[in-house]
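Going by my numbering, the first residue of the sequence shown is number 121, and it counts up by one from there.
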Amino acid sequence: MTLARTVTVHTLGHGAVTIPEPIWCTGHADLPTGYRDDIHHSGPEQVIDYDGQAVLTAELVEFPFGMRPIPPSVYVEILVPGASLDPAALEGLADILTEQAAELRRLALRLAVLRAGGDW
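Rendered as structure tokens:
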């Protein structure tokens with residue numbers, strides 16, 4: 121894993137905690153985080169939308185100090201907005217979901233490389 125630098129994250133429970141920051145991390149807020157367990161790294165979020173509504177989000181995350189530490193992983197949230205669709209809209213949604221399944225597979229391959237010691 122390539123590290124860009126070390127950063128100091130201020131917590132309410134542990135004070136200043138200095139940690140290595142992966143190059144893919146988008147940074148940490150200057151405000152204190154609640155607890156050391158809450159410290160996490162996150163990469164740029166990918167938002168997939170359909171007809172102006174978010175359908176799926178995915179982002180690279182890592183929680184090094186969690187109660188159960190989470191190594192680099194992809195956090196995915198699937199949002200299911202209610203909609204009544206005609207045949208064309210249903211085909212359009214199916215196309216987007218198919219494209220996103222392919223993107224999730226690409227993310228899985230990149231994550232495997234990262235976990236094996238490579239770069240994101």
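A virtual CB, placed ideally from N, CA and C, is assigned to each residue, including glycine.
Backbone CA spacing between residue i and residue j [nearest angstrom]
i, j, result
"Gly154", "Glu179", "22 Å"
"Ser204", "Tyr170", "13 Å"
"Asp206", "Gln220", "21 Å"
"Gly237", "Pro142", "12 Å"
"Thr218", "Pro164", "22 Å"
"His161", "Ala209", "37 Å"
"His148", "Pro201", "31 Å"
Selected residue, minimal CA-CA separation from residue i, among the options
i, options, result
"Gln166", "Glu223, Gly212, Val200", "Glu223"
"Val233", "Asp206, Phe183, Val194", "Val194"
"Gly158", "Thr146, Gly172, Pro189, Pro142", "For clarity, residue 158 is Asp in the given sequence; the question names Gly instead. Cα-wise, what sits closest to Asp158 is Pro189."
"Glu197", "Val181, Ala209, Gly186, Ala149", "Val181"
"Leu213", "Arg235, Gly172, Gly238", "Gly172"
"Gly133", "Ser162, Pro201, Phe185", "Phe185"
"His130", "Met187, Arg225, Pro152, Asp239", "Pro152"
Opposing strand residues paired with residue i [DSSP bridges]
i, result
"Ala178", "Gln166, Val196"
"Gln220", "Answer by DSSP bridge pairing: none, since Gln220 is not bridged."
Nonlocal neighbours in the same chain, by C-beta distance under 6 Å from residue i, ignoring five residues either side
i, result
"Thr128", "Ala136, Thr138"
Close Cβ partners of residue i (< 7 Å) along its chain, the five nearest in sequence each way excluded
i, result
"Pro192", "Leu180, Glu182, Leu231, Leu234, Arg235"
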